[in-house]
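Just so you know, the sequence shown maps onto residues 1 to 183 in UniProt numbering.
No residue lacks a Cβ here, since even glycine has one placed at the ideal position from N, Cα and C.
Just so we're clear, the structure is a prediction, and the values are computed from it rather than from any experiment.
In what follows, a structure is listed as structure tokens, so that the remarks can point back to it.
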Amino acid sequence: MKIYTKTGDKGLTSLIGGTRVPKSSLRIECYGTVDELNSYIGLVRDQDVNASRRDLLKEIQDRLFTMGASLASDPEKSKMKIPDLHEEDILLLEREMDSMNENLPELRVFILPGGHASVSYAHVARCVCRRAERLVIALREDSFVADLVPMYLNRLSDYLFVLSRQMAHDLGAEEVTWKPRLS
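Set out below in structure tokens:
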């Protein structure tokens, strides 16, 4: 199978279902951002500090690929069976956050990204996740988006924040706190 098809050379691409749309369309921006997020999750997964979480992070990547397939489908024309998210996917993230929070100091201040390169990768992933969520919500204003897609992204960004704190804790890295200048 050739990777290059030349069908996108004029700035159009096909959704699942065959509809041709500009590569600049919001739907393409949504699943492109989810793909970007998936790449950052891979980077987070590859950090040594996450050795015990690799299977979970791979599961998250699988769910993001599922989400990408959903977003890449033409809701009007695709007859293809697309995998979908389940409420259990969201509950898994919630359970993992609850488990990590049991071992972390109570959060009383705002945390700035940083303290260790591995922790910063998790913060970058969190920011890309928030962007994906904003784009999906904008797409939902005019087109069908499965309800669990923005919910999963919302919960995933929370998970990535808690994960960044857990990673800092595991690495013995200082959490960088925001100290507002009030004068």
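Proximity below 8 angstroms, CB of residue i to CB of residue j
i: Thr13; j: Val128; result: no
i: Ala122; j: Leu160; result: yes
i: Tyr31; j: Leu71; result: yes
i: Asp46; j: Arg63; result: no
i: Glu29; j: Leu135; result: yes
i: Ala51; j: His116; result: no
i: Leu163; j: Met100; result: yes
i: Leu104; j: His169; result: yes
Best match in the options for proximity to residue i [C-alpha to C-alpha]
i: Arg19; options: Arg45, Glu76, Val145 and Asn38; result: With the sequence shown as reference, residue 19 is identified as Thr, and Arg is not the correct amino acid for it. Ranking Arg45, Glu76, Val145 and Asn38 by Cα distance to Thr19 puts Glu76 first.
i: Leu148; options: Ile111, Asp84, Asp74 and Asp170; result: Asp84
i: Thr66; options: Met97, Ile16, Arg45 and Arg54; result: Ile16
i: Thr177; options: Leu135, Pro113 and Leu139; result: Pro113
i: His86; options: Gly8, Ile60 and Gly172; result: Ile60
i: Val44; options: Met167, Gly172, Glu174 and Ala173; result: Met167
i: Gly68; options: Val145, Tyr4, Lys179 and Thr5; result: Val145
i: Arg130; options: Asp158, Ser120, Ser143 and Leu104; result: Asp158
i: Asp142; options: Lys10, Arg27 and Ile3; result: Arg27
Rounded straight-line distance, which links the Cα of residue j to that of residue i
i: Ser118; j: Tyr40; result: 11 angstroms
i: Leu182; j: Phe110; result: 15 angstroms
i: Met1; j: Ser25; result: 27 angstroms
i: Arg54; j: Ala132; result: 22 angstroms
i: Asp35; j: Leu153; result: 13 angstroms
i: Ser73; j: Arg140; result: 14 angstroms
i: Glu96; j: Gly8; result: 40 angstroms
i: Pro180; j: Tyr4; result: 51 angstroms
i: Leu37; j: Arg165; result: 19 angstroms
i: Lys10; j: Ala125; result: 31 angstroms
Contact test: residue i Cβ vs the ligand GTP heavy atom, cutoff 7 angstroms
i: Arg108; result: The ligand GTP is absent from the structure shown, which contains no ligands of any kind.
According to DSSP, residues forming a beta bridge with residue i
i: Val176; result: Leu112
i: Glu22; result: Sequence check: residue 22 is Pro here, not Glu. Beta-bridge pairing links Pro22 to Leu12.
Reduced DSSP secondary structure (H/G/I, E/B, other) of residue i
i: Arg134; result: helix
i: Val149; result: helix
i: residue 186; result: Since the first residue of the chain shown is 1 and the last is 183, residue 186 is not available in this structure.
i: Ser73; result: strand
i: Glu102; result: coil
i: Arg181; result: coil
i: Gln61; result: helix
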